[in-house]
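Line by line, the protein sequences are chains A and B. Okay, so the first sequence: first residue is 3 according to my numbering, each after it adds one. Okay, so the second sequence: first residue is 9 according to my numbering, each after it adds one. Ideal Cβ positions, reconstructed from N, Cα and C, are used throughout, including at glycine.
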Amino acid sequence: MAMIDIVFTLVNGLATGMAVFLVAAGLTLIFGILKILNFAHGAFFMIGAYVSYSIIGSNPSSLWLFVAAAFAGGIVVGALGYVADKIVLRRLRDVDEAYMLIATFAVLLVCSGVVKLIWGVDYASVNPPPLLDGAVEIGQLFIPTYSIFVIISGLIVFILLDFAIHRTWLGKLLQSVANDSWMSGLLGINVPIALTATVIVSFMLAGLAGGLLLANQTLSPILGESYLLLAFMAVIIGGLGNVRGAFIAAALLGIIESGSSLILPNMPGMATYIFVIAFLLAKPQGLLGAHRI
Amino acid sequence: MKAAKILALVAAALAFATLPLWADQGIMFLAGLVLIEAVFALSWNLLFGFTGLASFGHAAFFAIGAYLTGYALRTALGVPFLLLIMGSGILGAAVAVLTGLVLLRRTTGIHLAIFTLALAEVLRIIIGYSTVLGREDGLASIPRPALDFGFATINLASGTAYYWFLCVAASLLAGLLWLVCHGPFGRVLVSIRQDPERAAFMGVNVPAYRLLAFTISGGVAAMSGALYAPWAQIVTPESAHWIHSTQPMLASLLGGAHSFYGPIIGTVLFSVINYLTRDLVGLAELVIGLILLVIVLAAPNGVVGLLQAAWRRATRSSRTPEAMPQSVGDAT
Numbered sequence: 003m004a005m006i007d008i009v010f011t012l013v014n015g016l017a018t019g020m021a022v023f024l025v026a027a028g029l030t031l032i033f034g035i036l037k038i039l040n041f042a043h044g045a046f047f048m049i050g051a052y053v054s055y056s057i058i059g060s061n062p063s064s065l066w067l068f069v070a071a072a073f074a075g076g077i078v079v080g081a082l083g084y085v086a087d088k089i090v091l092r093r094l095r096d097v098d099e100a101y102m103l104i105a106t107f108a109v110l111l112v113c114s115g116v117v118k119l120i121w122g123v124d125y126a127s128v129n130p131p132p133l134l135d136g137a138v139e140i141g142q143l144f145i146p147t148y149s150i151f152v153i154i155s156g157l158i159v160f161i162l163l164d165f166a167i168h169r170t171w172l173g174k175l176l177q178s179v180a181n182d183s184w185m186s187g188l189l190g191i192n193v194p195i196a197l198t199a200t201v202i203v204s205f206m207l208a209g210l211a212g213g214l215l216l217a218n219q220t221l222s223p224i225l226g227e228s229y230l231l232l233a234f235m236a237v238i239i240g241g242l243g244n245v246r247g248a249f250i251a252a253a254l255l256g257i258i259e260s261g262s263s264l265i266l267p268n269m270p271g272m273a274t275y276i277f278v279i280a281f282l283l284a285k286p287q288g289l290l291g292a293h294r295i
Numbered sequence: 009m010k011a012a013k014i015l016a017l018v019a020a021a022l023a024f025a026t027l028p029l030w031a032d033q034g035i036m037f038l039a040g041l042v043l044i045e046a047v048f049a050l051s052w053n054l055l056f057g058f059t060g061l062a063s064f065g066h067a068a069f070f071a072i073g074a075y076l077t078g079y080a081l082r083t084a085l086g087v088p089f090l091l092l093i094m095g096s097g098i099l100g101a102a103v104a105v106l107t108g109l110v111l112l113r114r115t116t117g118i119h120l121a122i123f124t125l126a127l128a129e130v131l132r133i134i135i136g137y138s139t140v141l142g143r144e145d146g147l148a149s150i151p152r153p154a155l156d157f158g159f160a161t162i163n164l165a166s167g168t169a170y171y172w173f174l175c176v177a178a179s180l181l182a183g184l185l186w187l188v189c190h191g192p193f194g195r196v197l198v199s200i201r202q203d204p205e206r207a208a209f210m211g212v213n214v215p216a217y218r219l220l221a222f223t224i225s226g227g228v229a230a231m232s233g234a235l236y237a238p239w240a241q242i243v244t245p246e247s248a249h250w251i252h253s254t255q256p257m258l259a260s261l262l263g264g265a266h267s268f269y270g271p272i273i274g275t276v277l278f279s280v281i282n283y284l285t286r287d288l289v290g291l292a293e294l295v296i297g298l299i300l301l302v303i304v305l306a307a308p309n310g311v312v313g314l315l316q317a318a319w320r321r322a323t324r325s326s327r328t329p330e331a332m333p334q335s336v337g338d339a340t
């Protein structure tokens with residue numbers, strides 16, 4: 003195994019990891035504040051991807067159009083989040099975990115049914131915009147520009163989210179709601195609005211991720227599943243509801259996934275699951291489980 | 009209530025038993041699948057509805073039974089079919105003991121869900137990699153066996169014969185689970201679901217009971233898989249996929265997880281919806297998702313819970329309120 007392979011695996015893994023984080027960010031946020039593990043997150047990710055696809059088609063003409071379409075996907079899915087909160091999530095705040103998982107699974111079914119009815123079951127694919135189509139060459143190392151774009155997107159989303167939660171007035175307000183919503187209510191914080199806002203932001207992140215990760219993958223009604231499981235694992239390993247934990251865990255999982263395809267090319271995903279099982283047996287609370295959000 | 013229940017049970021048994029006489033081959037195949045999936049759902053609900061543990065990787069046990077039986081029948085090892093079913097059950101139970109010993113003492117709730125999900129996915133990947141088990145293509149053209157009782161042999165090669173065998177086998181397994189759920193053991197499990205801490209305080213060995221429930225559940229799930237292999241005549245890694253793990257959950261919730269018969273009713277409803285909406289891709293998921301949503305949000309006790317409530321309302325109008333039995337369903 004040459005050095006070059008290892009570097010390549012690391013970069014690849016980081017790209018996968020950041021893609022996973024883009025999906026996991028909204029998932030962990032909604033858990034941190036509402037304590038809801040949203041099975042339907044992957045489905046909304048998929049809807050974001052389909053909305054962006056409907057705007058830009060298979061060959062986006064510029065990077066800006068590509069990013070703008072991703073934001074449009076985020077906004078549409080954010081609006082759906084408002085609806086989902088009104089109809090479903092609001093009623094799940096105090097029920098048993100298993101019912102919560104099954105209710106959001108029902109939402110997942112509804113979403114994938116609607117996607118099949120609207121966009122059909124045919125596969126579609128989207129090319130990266132011209133600026134992201136090539137590869138950067140450093141010595142012998144080839145890095146696809148799109149991978150760099152995904153890594154940078156993941157970092158930007160993480161930094162913005164982390165800043166918003168830990169450094170702004172609004173973030174502190176949300177932290178207090180997450181810690182003790184009853185007490186926050188007593189202190190005059192409008193808890194229902196804070197919770198609804200969290201749901202909308204979480205869903206927007208899912209839709210945005212769908213648009214940003216649109217290129218280089220097959221768009222089909224099972225797209226939601228592909229990232230959902232990995233994002234779930236990242237959220238659990240990072241410590242439920244912890245954005246920083248999810249970020250570290252997503253990067254870790256991406257590198258393990260990419261490393262395992264170097265070492266065990268015949269068993270994709272195997273090493274990841276074994277890592278997850280071993281990790282959780284050793285540390286069931288996750289990396290940063292003790293500190294919420 | 010009791011008379012109505014028995015009447016419904018007899019009617020359902022008659023409908024299933026006489027089905028080959030009046031329905032076509034396609035419907036009969038679906039009915040056979042319903043019988044198998046109903047047993048699978050019952051085994052899952054022993055954990056969820058009675059013990060309060062949600063396994064999200066139950067399809068792994070199903071796949072263990074299906075692959076063991078499918079492999080043995082295909083290679084014609086000469087093991088009697090009934091023994092194969094028992095063997096599948098024992099293997100499933102053994103795997104359940106091993107995983108349960110590690111998982112149940114440490115995790116419940118969401119963590120248990122993720123753990124079982126991850127373990128089932130690992131199994132699916134191993135199966136997909138294993139050449140002996142046909143990799144991603146699975147084991148195809150599995151022959152249907154003959155039952156050899158020594159004094160008589162029943163050949164199950166024809167679809168109708170195997171269907172009737174399925175009716176008997178599924179009833180026996182369901183009956184076994186009924187006994188488990190309705191005896192003292194089942195009552196202890198329900199007490200653990202309702203409040204594990206208090207149950208432990210009363211002297212119940214909670215981990216041991218959970219492990220035993222997990223073992224029985226895994227064993228029966230594997231046996232339902234064993235029944236499946238010769239019926240479908242093909243077994244693929246899809247049978248261990250997490251989507252398959254969600255089938256018993258949907259069925260149990262749809263029917264009513266706190267009722268013994270809920271998962272059976274749910275499985276039937278599920279198949280009927282799938283059958284009626286088969287022409288328009290996506291419609292089945294939409295309809296099932298919406299129904300499930302309504303059930304979880306508005307009627308957590310499922311169709312059985314709704315029927316019980318309707319029954320109470322109907323009898324309340326004709327009888328005095330004092331004669332009414334108290335509600336037993338407890339919405340979580």
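Establish whether the CB of residue i and some CB of chain A are separated by less than 9 Å.
i               : result
L144 of chain B : Contrary to the premise, residue 144 of chain B reads as Glu rather than Leu in this sequence. Chain A contact via Cβ: absent.
G337 of chain B : For G337 of chain B, the pLDDT reaches just 42, beneath the cut-off of 50, and the residue's location in the model is therefore unreliable, although a value from the coordinates is still provided. No, G337 of chain B lies away from the interface with chain A (no Cβ there is under 9 Å from its Cβ).
T275 of chain B : no
W250 of chain B : yes
G313 of chain B : no
V130 of chain B : yes
H190 of chain B : no
T254 of chain B : yes
L127 of chain B : yes
E330 of chain B : Any reading at E330 of chain B is ruled out, since the residue's pLDDT is 42, under 50, leaving its predicted position unreliable.
Q334 of chain B : Confidence in Q334 of chain B is poor, its pLDDT being 40 and thus under 50, which makes the residue's placement unreliable; the coordinate value appears in the next sentence. Closer than 9 Å: no.
Y137 of chain B : yes
R321 of chain B : no
T340 of chain B : Residue placement at T340 of chain B is poorly supported in this model, since its pLDDT is 37, which falls under 50; the coordinates are not used for a value here.
H266 of chain B : no
G297 of chain B : yes
A292 of chain B : yes
Does residue i have its Cβ less than 9 Å from a Cβ in chain B?
i               : result
G271 of chain A : yes
F234 of chain A : yes
I276 of chain A : yes
L299 of chain A : Residue 299 of chain A is absent from the structure shown; chain A starts at 3 and stops at 295.
P194 of chain A : no
I258 of chain A : no
D7 of chain A   : no
L255 of chain A : no
Y52 of chain A  : no
L283 of chain A : yes
L36 of chain A  : no
Quick one: give me the first and last residue of the alpha helix (DSSP H) that residue i is part of.
i               : result
P215 of chain B : 214–240
I35 of chain B  : 33–53
V138 of chain A : That residue, V138 of chain A, is in no alpha helix (DSSP H); its beta strand (DSSP E) goes 137–140.
L197 of chain B : 192–202
N2 of chain A   : Residue 2 of chain A falls outside the range modelled here, since chain A spans only 3 to 295, and no answer is possible.
P271 of chain B : 270–284
D7 of chain A   : 5–36
Output the boundary residues of the beta strand (DSSP E) element that contains residue i.
i               : result
I251 of chain B : Note, I251 of chain B: premise wrong, no beta strand (DSSP E); alpha helix (DSSP H) at 250–263.
T161 of chain B : 161–163
Rounded to whole angstroms, how far is the Cβ of residue i from the Cβ of residue j, which I believe are closer than 8 Å?
i               : j               : result
F56 of chain B  : A307 of chain B : Contact flag wrong, Cβ pair sits at about 17 Å.
S60 of chain A  : N129 of chain A : 6 Å
S248 of chain A : V237 of chain A : Note that residue 248 of chain A corresponds to Ala in the displayed sequence, not to Ser. Yes, they are in contact, since the Cβ atoms of A248 of chain A and V237 of chain A sit about 5 Å apart, within 8 Å.
Y55 of chain A  : L216 of chain A : 6 Å
L181 of chain B : V228 of chain B : 6 Å
V116 of chain A : F205 of chain A : About 15 Å separates the two Cβ atoms, so there is no contact after all.
Any heavy atom of the ligand FMN closer than 8 Å to the Cβ of residue i?
i              : result
L54 of chain B : Absence of the ligand FMN from the depicted structure is noted, as is the absence of any ligand whatsoever, leaving it without description.
Is there contact between the stretch 132–139 of chain A and the stretch 73–80 of chain A, where contact requires at least three CB pairs shorter than 8 Å? no
Chain B contacts made by the stretch 105–139 of chain A, where a contact means CB separation under 9 Å: A105, F107, A108, V109, L110, L111, V112, C113, S114, G115, V116, V117, K118, L119, I120, G122, V123
Would the stretch 138–153 of chain B and the stretch 73–93 of chain B be scored as touching if the rule is three or more Cβ pairs under 8 Å? yes
State whether the stretch 249–258 of chain B contacts the stretch 95–102 of chain B, with contact taken as three or more CB pairs (one from each stretch) at a distance under 8 Å. no
Using Cβ-Cβ distances below 7 Å, what residues of the stretch 237–250 of chain A are close to chain B? Those would be I238, in chain order.
Which residues, in chain order, does the stretch 57–80 of chain A contribute to contact with chain B at a C-beta distance below 8 Å? none
Could you tell me whether the stretch 90–99 of chain A touches the stretch 264–280 of chain B, using the rule of 3 or more Cβ pairs below 8 Å? no
Using a Cβ-Cβ cutoff of 8 Å, what residues of the stretch 96–122 of chain B are near chain A? List them in chain order. V110, R114, T115, G117, I118, H119, A121, I122
Could you name the residues of the stretch 218–241 of chain B whose beta carbon sits closer than 7 Å to any beta carbon of chain A, in the order they occur along the chain? none
Closer than 8 Å is the cut-off here; do at least three beta carbon pairs connect the stretch 171–178 of chain B with the stretch 33–45 of chain B? Below 8 Å, enough C-beta pairs join the stretch 171–178 of chain B and the stretch 33–45 of chain B to call them touching: three or more.
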